[in-house]
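Encoded as structure tokens, the structure appears first; notes follow it.
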Amino acid sequence: MKKLLTLIFTLMLSLGIKAQCPLTEAIDFTATDCYGEETINLFEILDRGQHVLIDFYFYSCSPCQQAVPHVIEAYEAFGCNQHDVFFMEITPFDSDELAQWWAEHYGVPYPTISRDGGGFEIDEMYQVPQYPTLVLIAPNREILLGDIYPVESAQTIIDALKAFGIEEHSCDETPEANPSVEITLGEVTTTTIEATFTPNDDCASYHLLAD
893 MKKLLTLIFT
903 LMLSLGIKAQ
913 CPLTEAIDFT
923 ATDCYGEETI
933 NLFEILDRGQ
943 HVLIDFYFYS
953 CSPCQQAVPH
963 VIEAYEAFGC
973 NQHDVFFMEI
983 TPFDSDELAQ
993 WWAEHYGVPY
1003 PTISRDGGGF
1013 EIDEMYQVPQ
1023 YPTLVLIAPN
1033 REILLGDIYP
1043 VESAQTIIDA
1053 LKAFGIEEHS
1063 CDETPEANPS
1073 VEITLGEVTT
1083 TTIEATFTPN
1093 DDCASYHLLA
1103 D
């Protein structure tokens, strides 16, 4: 049995096969970054119309250490979280202290969520099988990519995201304002409102407010 498992594992490595997040739809979460300065809610970001790229990692993971410079470069290529996509990273095992060391050592400019900030629970929800795992989520909550692998360069990530219409931007480029709709009312000649009034014994007086 051990020989069979070893053979399967060897074949997976030789063929470049990697497990990925099995979900097809995102699960909402609220977490705090490792500095305790920023509260991050996934669906709030998606509701702004941004995609979200999550890098699941842990600090002593060699492939994670090799991938993070490429993720940072891709973050900058897409406009530093100000445009089509919002980058974050999540570690399920590392404390705030270790996550801060990681962020400062590698110069990570986007939010880092540690075990202390909710990383373990998020990792469990997304059933992350191994590390690093990069998950891309669309504004409509669909998980577009369960992983981007292998991360050989920043261009690997850039090409993967551009395939879904995500555009590159400069970090200095001002984001476009959200579209708005202006509604102008014409002259109102008559207004009729029918209502049923139910008194409340706890109230001493009532007032009608109208503009």
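Numbering (this note's numbering), first residue to last: 893 to 1103. Using N, Cα and C, we set each Cβ at its ideal position, and we do this for glycine too.
Here the alpha carbon of ILE1040 sits roughly 27 angstroms from the alpha carbon of TYR927. The count of Cβ pairs closer than 8 angstroms, one atom from the stretch 988-997 and one from the stretch 913-920, stays below three, leaving the stretches out of contact. Cβ-Cβ separation between LEU945 and PHE979: approximately 5 angstroms, consistent with a contact (criterion under 8 angstroms). With contact defined as three or more Cβ pairs closer than 8 angstroms, the stretch 1050-1066 and the stretch 1007-1025 are not in contact.
With fewer than 16 other Cβ atoms inside 10 Å of its own Cβ, GLU1044 counts as exposed.
Around the beta-carbon of ASP986, 16 or more other beta-carbon atoms lie within 10 Å, marking it buried.
GLU968 has its alpha-carbon roughly 14 angstroms from the corresponding atom of LYS1054. Between GLY1010 and ASP988, the C-beta spacing is not below 8 angstroms. Taking all protein chains shown into account, ASP1064 has fewer than 16 neighbouring C-beta atoms within 10 Å of its C-beta and is therefore exposed.
Burial check for ARG1007: the Cβ neighbour count within 10 Å reaches 16 or more, so the residue is buried. Considering only GLU1068, LEU1036, ALA1052, ALA1030, the residue with the shortest C-alpha distance to ILE937 is ALA1030.
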